[in-house]
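Protein chains: 2
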Amino acid sequence: MIDDIDRQILDILQENARTPNAEIARQVGMAPSAILERIRKLEERGVIQGYAVRINPDAYGLGLMAYVFVRADERAGALTTAEQMALIPEVQEVHHVAGEDCFLAKVRVRGTRELGELLRDRFGSIETIRSTRSTIVLDTVKETTMLYEPETGGSRG
Amino acid sequence: MIDDIDRQILDILQENARTPNAEIARQVGMAPSAILERIRKLEERGVIQGYAVRINPDAYGLGLMAYVFVRADERAGALTTAEQMALIPEVQEVHHVAGEDCFLAKVRVRGTRELGELLRDRFGSIETIRSTRSTIVLDTVKETTMLYEPETGGSRG
DNA sequence: AATGAAATCGCCTGAGT
DNA sequence: ACTCAGGCGATTTCATT
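Each protein sequence line maps, in turn, to chains A and B.
Read in the numbering used here, the first sequence has 135 at position 135, and its numbers run on one by one without any break.
Read in the numbering used here, the second sequence has 205 at position 48, and its numbers run on one by one without any break.
In structure tokens, the structure reads:
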């Protein structure tokens with residue numbers, strides 16, 4: 001699906017997504033136009049989903065992060081619980097998870113007061129949500145979106 | 158700390174971090190050199206921490222995501238538990254959290270077999286870890302790093 | 001699917017306001 | 001702190017292989 005040259009390009013972009021095309025070409029040892037072509041195709045095929053800037057959340061006034069575990073009973077019709085949570089801008093991630101709690105949401109807000117408001121006003125108004133349990137993040141030691149190269153080959157189909 | 162023009166620039170970069178400088182200048186209504194200067198300063202001040210490419214994890218061979226809750230007893234000396242977890246490439250995030258479990262780690266691996274190996278070999282060899290509890294992600298409904306503009310003003314100091 | 005030439009466009013410095 | 005001008009380099013298209 002993606003070959004070795006694609007991986008090289010992706011790895012360079014993972015380090016710095018604003019790396020100029022010509023610089024990537026130098027590192028990979030190909031012509032810039034060939035690199036452009038490959039990046040285009042990676043975008044078309046949905047391998048590259050976009051380019052994000054990493055902003056210090058504190059500087060942005062979003063000093064508090066929390067994980068919210070959501071228990072819900074799904075009903076047919078209308079939007080699903082997860083889709084409604086996904087519409088909330090303070091919610092960065094929504095995952096459907098195995099286990100007793102059905103969903104896990106990652107949220108960023110200014111402070112504890114705003115977290116309370118979020119849970120009461122936004123989560124609280126989603127009909128299917130039975131209960132929530134929040135885990136406050138005190139300190140973030142690592143936070144990256146970089147993907148580790150998995151060992152290829154191996155005994156997996 | 159960051160003014161309205163900075164916010165405009167950051168918002169454009171949040172949409173697409175590879176947006177050319179000149180394009181940002183057009184949208185903001187300023188000269189490209191002024192935009193460049195502002196971006197430089199945002200980088201210097203650590204507001205902008207970097208630029209990331211968003212890669213489809215499945216295409217990269219990392220189809221399984223899990224959250225690992227880690228209970229540990231901290232000991233003085235050597236690296237802390239969190240720092241040791243942060244060294245593992247499959248670990249994308251490590252948070253120190255409030256509550257019974259001390260840490261929360263987000264991990265991406267190829268499949269369940271690799272998750273097992275990761276927990277046994279890598280987490281298992283960190284001396285201070287008492288126990289782990291993993292929550293498998295079945296489906297990701299939303300996953301963004303975009304920061305929502307918090308309401309400014311308000312009754313907070 | 002990659003190259004290389006050529007045109008377009010953006011980057012970035014320096015001077016000036 | 002921003003604008004403007006200009007040289008340099010990058011991006012991108014296209015013909016070719």
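By construction, the Cβ of each residue, glycine as well, lies at the ideal position given by its N, Cα and C atoms.
Note that the structure is a prediction, hence the values are computed from the model and not measured.
Proximal residues of chain B, C-beta to C-beta of residue i below 8 angstroms
| i | result |
| --- | --- |
| A/Ala86 | Val298, Lys299 |
Interface flag, residue i vs chain A, CB-CB below 9 angstroms
| i | result |
| --- | --- |
| B/Ala179 | no |
| B/Ile212 | yes |
| B/Gly281 | no |
| B/Pro189 | no |
| B/Gly256 | yes |
| B/Gly311 | Note on B/Gly311: pLDDT 44, under 50, position unreliable in the model; no value is reported. |
| B/Glu284 | no |
| B/Thr292 | yes |
| B/Ile159 | yes |
| B/Val266 | yes |
| B/Glu231 | no |
C-beta neighbour in chain B for residue i, strict 9 angstroms
| i | result |
| --- | --- |
| A/Leu62 | yes |
| A/Pro150 | yes |
| A/Ile48 | yes |
| A/Arg26 | no |
| A/Leu138 | yes |
| A/Ile217 | Nothing about residue 217 of chain A can be reported from this structure: the residues present for chain A run from 1 to 157 only. |
| A/Leu119 | no |
| A/Glu104 | It is worth fixing the name first, because residue 104 of chain A is Leu in this sequence and not Glu. Chain B, which has a Cβ nearer than 9 angstroms to the Cβ of A/Leu104, makes this yes. |
| A/Glu44 | no |
Beta-carbon gap between residue i and residue j smaller than 9 angstroms
| i | j | result |
| --- | --- | --- |
| A/Val70 | A/Asp101 | yes |
| A/Tyr148 | B/Ala174 | no |
| B/Asn213 | B/Ile196 | no |
| B/Val225 | B/Lys263 | yes |
| A/Leu115 | B/Val294 | no |
| B/Met222 | B/Ile283 | no |
| B/Glu300 | A/Val94 | yes |
| B/Thr122 | B/Leu276 | The question about residue 122 of chain B has no answer here: the residues shown for chain B are numbered 158 through 314. |
| A/Thr145 | B/Arg211 | yes |
| A/Leu13 | A/Ile24 | yes |
Where residue i meets chain A, residues with beta-carbon distance less than 9 angstroms
| i | result |
| --- | --- |
| B/Gln249 | Lys142, Glu143, Thr144, Thr145, Met146, Leu147, Tyr148 |
| B/Gln171 | Ala52, Val53, Ile55 |
| B/Leu167 | Val53, Ile55, Tyr60 |
Among the options, the one whose alpha carbon lies nearest that of residue i
| i | options | result |
| --- | --- | --- |
| B/Thr285 | B/Leu199, B/Arg197, B/Thr292, B/Thr238 | B/Thr238 |
| B/Ala229 | B/Gly256, B/Glu274, B/Pro246 | B/Gly256 |
| B/Ala191 | B/Gln241, B/Asp163, B/Leu221, B/Ser288 | B/Asp163 |
| A/Glu74 | A/His96, A/Ala66, A/Leu64, A/Arg54 | A/His96 |
| A/Val109 | B/Arg267, B/Glu308, B/Thr269, B/Leu193 | B/Glu308 |
Residues that residue i contacts on chain A, provided the C-beta gap is smaller than 7 angstroms
| i | result |
| --- | --- |
| B/Arg240 | It should be noted that the sequence gives Glu, not Arg, for residue 240 of chain B. What B/Glu240 touches in chain A: Val141. |
heavy atom of the ligand PLP below 8 angstroms from residue i C-beta
| i | result |
| --- | --- |
| B/Gly203 | Ligands are entirely absent from the displayed structure, and the ligand PLP is therefore not among its contents. |
Chain-ordered neighbours of residue i on chain B, where CB pairs are closer than 7 angstroms
| i | result |
| --- | --- |
| A/Arg38 | Simply none; closest approach about 13 angstroms. |
Neighbouring residues, chain B, relative to residue i (Cβ below 9 angstroms)
| i | result |
| --- | --- |
| A/Ala17 | Ala174, Arg175, Gly207, Tyr208, Ala209, Val210, Arg211 |
Any 3 or more C-beta pairs closer than 8 angstroms across the segment 182-193 of chain B and the segment 55-64 of chain A: The segment 182-193 of chain B makes no contact with the segment 55-64 of chain A: fewer than 3 CB pairs, one atom from each, lie closer than 8 angstroms.
Taking one C-beta from the segment 83-100 of chain A and one from the segment 43-50 of chain A each time, how about it: are there three or more such pairs within less than 8 angstroms? Of all C-beta pairs linking the segment 83-100 of chain A to the segment 43-50 of chain A, fewer than three are shorter than 8 angstroms, placing the two stretches out of contact.
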